[in-house]
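Residue numbers (UniProt numbering): 1 to 521.
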Amino acid sequence: MDAAAGTAAALPEAWSQVRAPVIVPLLRLAVAVCLTMSVLLFLERMYMAIVITGVRLLRFRPDRRYRCDPLPDDDPELGSSAFPVVLVQIPMFNEREVYQLSIGAVCGLSWPADRLVVQVLDDSTDEMIKEMVRLECERWARKGINITYQIRDDRKGYKAGALRAGMKHAYVRECEYVVIFDADFQPDPDFLKRTVPYLVHNPEIALVQARWRFVNADECLMTRMQEMSLDYHFTVEQEVSSSVCAFFGFNGTAGVWRISAINEAGGWKDRTTVEDMDLAIRASLKGWKFVYLGDVQVKSELPSTFKAFRFQQHRWSCGPANLFRKMLMEIVTNKKVTIWKKIHVIYNFFLIRKIIAHIITFSFYCLVIPATIFVPEVRIPKWGCVYIPSAITLMNSVGTPRSFHLLFFWVAFENVMSLHRTKATLIGLLEAGRANEWVVTAKLGSAMKMKAANKAGLRKQFMRIWERLHVTELGVAAFLFSCGWYDFAYGRDHFFIYLFFQSVAFFIVGIGYVGTIVPQS
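As structure tokens, this is what we get:
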């Protein structure tokens, strides 16, 4: 009893001895680093805001920068030969809920039948699903569609491996362009007629990227949050990059590639989990240009379960960081592109958007700011903890005006997800154990919508409690909540308002009450 009391009495003395010489300088350094990263991120957002404003005011649209005349479809002499042969690839993996939607949409594309080749690249491990997909392909083949069903002996290389294997067939040599659609994507019939002309008339263009349109954005609050983030990516980031330097990261789907550009860049590689970004950067370093068409939209599905979204975000955060590690010197030593494009790729594309944006969100707003509450000697200027974050948030909101009223919820949710993104980014930079982890994003498709009509409703069904708990999020929630109470009792900056709000967000995610809750069978 006396020993325990002595230990408890010694703790304050030990804290006072360590605080001034160790804790205070380290925390001040952390604040300085975080403020620097915040300013860099703010300047990047301001730069994009200025550019996108200029693009809109000057109407600097792709159809004004590049020739995109429609291909002649009424010439009796040329006939269908006026249209290039286009290959469409649909990679799949156990896509029970959505395979019919994507195959049906692709087979309904308005393009001469003898100039269209469709590949369904099925890596499914479920034999029943494989048979269902095969029968669907045969059904469309009987309708006159040139569609082939292809499987592999193994899943080596995952999506990149499947796409690479599909390109090895002899008949692909007759194709000039290749379009890629993930299994949940449903292009409109005129998709090819609106995108392929850019490639036909402009030999310097390698990629035409369309925008995603989300069919289930209103399914739950989590999908609304995703829509806000992705809409900013498409309406601002992609538009700015396309307008300024004709480069951006390929989104992996809903894009048309020039096959010769893919071959010149070295084809599909599976060294990271972002094979799409890898190919885009290698093609850009060869001097090819990219075009983003924001007015061409392809319907797709957002992950509506937290588990699926978390795995997706791990891949999207870890992959770019790992690719940056592997390609940095290749970009620096490249001789074919300008120094301006190198700076854009290294600084704007990778360092700010793929690394700093993830790390600063969690480290500053969920660790450093709460920690300063216990060390009043370390003060954070108001411009760093209020004005800059508010400005960045407001600029991020322009992509989805209809969700402006959800901005506070979006901030809280993004801060929660920054925990996973920061962890994934560090794993990618250090090339740690999960750097090459690939988990296919689960889609619920129309089956989920039919089940949702049930009186009970999916969201009201509960999984077993231990399957829903996320210990890390609960731990951060407890930390922020304790910091909030300490600030409420002893603080001067009123951080407790933010800390209580943010701790509730972590707690809600921690108990698994986020997204669509699918009951276990």
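All C-beta atoms, glycine included, are put in the ideal place defined by N, C-alpha and C. No experiment lies behind these values; they were computed from the predicted model shown.
Under the three-state DSSP convention, the category Tyr-486 falls into: One-based indexing of the sequence shown puts residue 486 at position 486. Looking at Tyr-486 - three-state DSSP - the assignment turns out to be helix.
Residue ranges of each alpha helix (DSSP H) within the region 172-253, 4 or longer: 191-201, 221-232, 239-245
Beta strand (DSSP E) containing Pro-91: first to last residue? Residue mapping note: residue 91 aligns to position 91 of the sequence shown, counting from 1. Per DSSP, Pro-91 belongs to the beta strand (DSSP E) from 86-92.
Residues bridged to Phe-290 [DSSP beta-bridge criterion]: Here residue 290 refers to the residue found at position 290 when the sequence shown is read from its first residue. Bridge partners of Phe-290: Leu-207.
So what does DSSP say about Asp-295, is it helix, strand or coil? As a first step, residue 295 must be located in the sequence shown, where it is residue number 295. In the structure shown, Asp-295 sits in a strand (DSSP, three-state: E or B).
Could you name the residues of the same chain whose beta carbon sits closer than 6 angstroms to that of Thr-253, not counting the 5 residues immediately before and after it, in chain order? In the sequence shown, the residue the question calls residue 253 occupies position 253. Excluding residues within five positions, the ones whose Cβ falls inside 6 angstroms are Ile-180, Phe-181, Asp-182, Phe-185.
Grouping DSSP H, G and I as helix and E and B as strand, with all else coil, what is Val-471? Looking up residue 471 in the sequence shown gives position 471. Looking at Val-471 - three-state DSSP - the assignment turns out to be helix.
Within the continuous alpha helix (DSSP H) that includes Thr-361, where are the two ends? Residue mapping note: residue 361 aligns to position 361 of the sequence shown, counting from 1. Note, Thr-361: alpha helix (DSSP H), 357-362.
CA-to-CA distance, Glu-136 to Leu-430, given in whole angstroms: For the purposes of this step, residue 430 is identified with residue 430 of the sequence shown, where counting begins at 1. For the purposes of this step, residue 136 is identified with residue 136 of the sequence shown, where counting begins at 1. Approximately 43 angstroms, taken between the alpha carbons.
Between the alpha carbons of Arg-173 and Val-368, how many angstroms are there, rounded? The sequence position of residue 173 within the sequence shown is 173, counting from 1. The sequence position of residue 368 within the sequence shown is 368, counting from 1. Arg-173 and Val-368: Cα-Cα distance of roughly 56 angstroms.
Within the continuous beta strand (DSSP E) that includes Ile-151, where are the two ends? Looking up residue 151 in the sequence shown gives position 151. Where Ile-151 is concerned, the enclosing beta strand (DSSP E) stretches over 147-151.
Mind checking Thr-516: buried by the 16 CB within 10 Å criterion, or exposed? Position 516 of the sequence shown, counted from the start, is the residue given in the question as residue 516. That one is buried.
For the structure I just gave you, are there three or more beta carbon pairs, one from the region 191-202 and one from the region 480-494, closer than 8 angstroms? no
Taking all protein chains shown into account, decide if Tyr-171 is buried (16 or more other Cβ within 10 angstroms of its Cβ) or exposed. Your numbering for residue 171 matches position 171 in the sequence shown. Exposed, by the Cβ-count rule.
Among all the DSSP beta bridges, which residues are the ones paired with Asp-122? Within the sequence shown, the letter at position 122 stands for residue 122. Note: Asp-122 sits in a beta bridge opposite Met-92, Ile-151.
Which of helix, strand or coil does DSSP assign to Ser-304? Residue 304 sits at position 304 when you count from the first residue of the sequence shown. The answer is coil: DSSP assigns Ser-304 none of H, G, I, E or B.
8 angstroms contact criterion, which Phe-234 and Leu-207 should meet: CB distance rounded: The sequence position of residue 234 within the sequence shown is 234, counting from 1. The sequence position of residue 207 within the sequence shown is 207, counting from 1. Incorrect: roughly 15 angstroms between the Cβ atoms, too far for contact.
Run the CB neighbour count on Asn-216, radius 10 Å, all protein chains shown included, and call it buried at 16 or more, exposed below. For the purposes of this step, residue 216 is taken as residue 216 along the sequence shown, with counting starting at 1. Classification of Asn-216: buried, given that the 10 Å Cβ count is 16 or more.
The beta strand (DSSP E) that contains Gly-255, what's its start and end? Along the sequence shown, one-based indexing puts residue 255 at 255. Segment 255-258, the beta strand (DSSP E) holding Gly-255.
With DSSP as the reference, identify every bridge partner of Gly-515, one or two as the case may be. Start at 1 with the first residue of the sequence shown, and residue 515 comes out as number 515. According to DSSP, Gly-515 bridges with Thr-305.
Out of curiosity, what's the CA-to-CA distance linking Val-504 and Val-471? Looking up residue 504 in the sequence shown gives position 504. Looking up residue 471 in the sequence shown gives position 471. Between Val-504 and Val-471, the C-alpha separation is close to 14 angstroms.
I'd like to check one pair, Tyr-198 with Tyr-66: are the Cβ atoms closer than 8 angstroms? The residue given as residue 66 occupies position 66 in the sequence shown. The residue given as residue 198 occupies position 198 in the sequence shown. Closer than 8 angstroms, so yes.
Residues near Phe-362 by beta carbon distance below 8 angstroms, same chain, minus five either side: The residue given as residue 362 occupies position 362 in the sequence shown. Here the set comprises Asn-415, Ser-418, Leu-419, Arg-421, Thr-422.
Gly-428 vs Ala-280 beta-carbon contact at 8 angstroms: Counting from 1 along the sequence shown, the entry for residue 428 is found at position 428. Counting from 1 along the sequence shown, the entry for residue 280 is found at position 280. Result no, Cβ atoms of Gly-428 and Ala-280 do not sit closer than 8 angstroms.
Given a threshold of 16 other Cβ atoms within 10 Å of its Cβ, counted over all protein chains shown, does Phe-475 qualify as buried or as exposed? On the sequence shown, position 475 is the one that residue 475 refers to. Note that residue 475 is Gly in the sequence shown, not Phe. Burial call: exposed.
Proximal residues to Leu-406 (C-beta, below 8 angstroms), its chain only, five neighbours per side dropped: The residue labelled residue 406 in the question sits at position 406 within the sequence shown. Contacts found: Leu-221, Arg-224, Met-225, Met-228.
Under a Cβ-count criterion, where at least 16 other Cβ atoms within 10 Å of its own Cβ denotes burial, should Thr-305 be classed as buried or exposed? Translated into the one-based positions of the sequence shown, residue 305 becomes position 305. Label assigned to Thr-305: buried.
On the DSSP bridge list, what partners appear for Val-439? By one-based count along the sequence shown, residue 439 stands at place 439. The partner list for Val-439 (beta bridge, DSSP) is empty, contrary to what the question assumes.
In or out: His-201 buried (at least 16 other Cβ within 10 Å) or exposed? Residue mapping note: residue 201 aligns to position 201 of the sequence shown, counting from 1. Exposed, since its Cβ has fewer than 16 Cβ neighbours within 10 Å.
Strictly by DSSP, which residues pair up with Val-368? As a working mapping, residue 368 is identified with position 368 in the sequence shown. Paired residue(s): none; Val-368 is not in a bridge.
Where Val-117 sits in the DSSP three-state scheme: Here residue 117 is taken as the residue at index 117 of the sequence shown, counted from 1. Val-117 falls in the strand class under three-state DSSP.
At a cut of 8 angstroms, does the region 336-350 reach the region 379-392 through at least three beta carbon pairs? no
Excluding the 5 residues flanking Cys-245 on each side, which residues of the same chain have their C-beta closer than 8 angstroms to its C-beta? Stepping through the sequence shown from its first residue, residue 245 is reached at position 245. Counting only Cβ-Cβ distances below 8 angstroms, and skipping sequence neighbours, we find Trp-340, Lys-341, His-344.
Just the C-alpha distance for Ile-497 and Ala-412, rounded to the nearest angstrom, thanks. Within the sequence shown, the letter at position 497 stands for residue 497. Within the sequence shown, the letter at position 412 stands for residue 412. Each residue's alpha carbon lies about 12 angstroms from the other.
What residue from Lys-336, Ser-300, Trp-383, Asp-270 has the CA that sits closest to Phe-214's CA? For the purposes of this step, residue 214 is taken as the residue at position 214 of the sequence shown. Cα-wise, what sits closest to Phe-214 is Ser-300.
Measure how close the beta-carbons of Ser-397 and Phe-404 come, nearest whole angstrom, since I'm counting them as under 8 angstroms. By 1-based counting over the sequence shown, the position of residue 397 is 397. By 1-based counting over the sequence shown, the position of residue 404 is 404. So it is a contact: roughly 6 angstroms between Cβ atoms.
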